[in-house]
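Residue numbers (the UniProt record's numbering): 1 to 350. A virtual CB, placed ideally from N, CA and C, is assigned to each residue, including glycine. Remember, predicted model here, so these are calculated numbers, not experimental data. Okay, structure first, notes after.
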């Protein structure tokens, strides 16, 4: 198996997360430094063009048996496009999901139509793919891959985690992550700053720990604002161990990250999901949806912290699975590699 890494994994401003891959004992076969430092739509299109050349050269040289990709980032498009043209089978993880407030939604569906095998989190997502014309034999319900590691991860104690981050162990923490909405953006630095100001008034003893917006256009402006504030803790990336460790101790998750809808239920804490980025995505019962409006966000925080709201999700299993996805995915891919129709896709209109 070759692991390929590129994009924000190679950027210091986003935590240089390729180091986490290496720390887990994996060897990164090839790096693709295709992202430019400026984050605008025109720069993103040029980044995609650079990656198209890089990945094509790699495929022609290495001739992989199968390409496995996950998710919905725009960077996937040149990768799966090259694999499709070169008749390399494509296995897509996390297809069939819906996030109508971002171009990720269209990217995800485009990748699904080019993919030959689908590894989805729930039966609902399987049904979505079948309604898109995908053949049932190509789809396997496996649960969400990111949940597999949680039971086995060496999570930090509260003392070690708070000491590492410079937090007061005696005070509560709100974990905050905002990304821009890439279609009709309502998530601005000014909005986030106003929300943080309101939180400091309403919850003066709460520590706000903010992580960086991703590489989408407009994200750098959010990060610059967060880094300049002296009344919060800002880290570009917690990394998976510190992030999941923090979910054990945080009182609330606030923002519009997909993690709030997918992973946080496994830690039994409330989420206030803001705006349209995750619009119509399957959500766990710990998620409270609010508009991108300062007053509505504060009302949402108050409700999410209430005992009545907590009682709605305590003890409820995560709808995205229970962490046994890896073996299901591996076995499904391997068992279908010699399928005579693998590359000959039919569209089964419903």
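8 Å contact criterion, which residue i and residue j should meet: CB distance rounded
i	j	result
residue 20	residue 102	Between residue 102 and residue 20 the Cβ distance is about 24 Å, and since that is not below 8 Å, they are no contact.
residue 93	residue 329	7 Å
residue 222	residue 192	6 Å
residue 174	residue 252	5 Å
residue 112	residue 86	Wrong, their Cβ atoms sit about 19 Å apart, outside the cutoff.
residue 260	residue 294	About 19 Å; that fails the 8 Å criterion.
residue 284	residue 318	6 Å
residue 8	residue 214	7 Å
residue 292	residue 186	4 Å
residue 217	residue 75	The pair is not a contact, with the Cβ atoms about 14 Å apart (cut-off 8 Å).
residue 28	residue 55	Residue 28 to residue 55, Cβ: 15 Å. No contact.
residue 100	residue 276	7 Å
residue 52	residue 82	7 Å
For residue i, the three-state DSSP class (helix, strand or coil)
i	result
residue 92	strand
residue 74	coil
residue 109	helix
residue 313	coil
residue 342	coil
residue 66	coil
residue 305	coil
residue 219	helix
residue 86	coil
residue 114	helix
residue 104	helix
residue 80	helix
residue 60	helix
residue 379	The chain is shown only over 1 to 350; residue 379 falls outside these bounds and no answer can be derived.
residue 136	helix
residue 97	coil
residue 295	helix
residue 331	helix
residue 336	helix
Where the beta strand (DSSP E) through residue i begins and ends
i	result
residue 255	252-255
residue 139	139-141
residue 290	287-290
residue 117	117-120
CB contact below 8 Å: residue i versus chain B
i	result
residue 325	Included in the structure is just one protein chain, with no chain B present.
For residue i, the first and last residue of its enclosing alpha helix (DSSP H)
i	result
residue 324	Taken as a continuous stretch (DSSP letters only), residue 324 belongs to no alpha helix (DSSP H), as it is neither H nor E.
residue 155	Segment: none, residue 155 is in no alpha helix (DSSP H) and carries neither H nor E.
residue 348	Per DSSP, residue 348 belongs to no alpha helix (DSSP H) and is neither H nor E.
residue 126	123-131
* Counting pairs of beta carbons, one from the region 260-280 and one from the region 221-238, are three or more of them closer than 8 Å? -> no
* Scan the region 2-57 and note each continuous alpha helix (DSSP H) run of 4 residues or more that stays entirely inside, going in chain order. => 18-23
* **Within the region 158-214, ranges of the beta strand (DSSP E) (whole runs, at least 3 residues)** => 173-177 and 207-211
* Asked: Any contact of the region 50-62 with the region 324-341, i.e. 3+ C-beta pairs under 8 Å?
  -> no
* Asked: Does the region 109-126 come close enough to the region 135-142 to have 3 or more Cβ pairs within less than 8 Å?
  -> yes
* Segments of 4+ residues assigned as alpha helix (DSSP H) that fall wholly inside the region 223-274 -> 239-249 and 258-262
* Asked: Do the region 184-204 and the region 147-159 meet, that is, are 3 or more Cβ pairs less than 8 Å apart?
  -> no
* Touch check for the region 202-210 and the region 231-238: three-plus C-beta pairs under 8 Å? -> yes
* **Meets three-Cβ-pair contact criterion under 8 Å: the region 150-170 and the region 238-246** => yes
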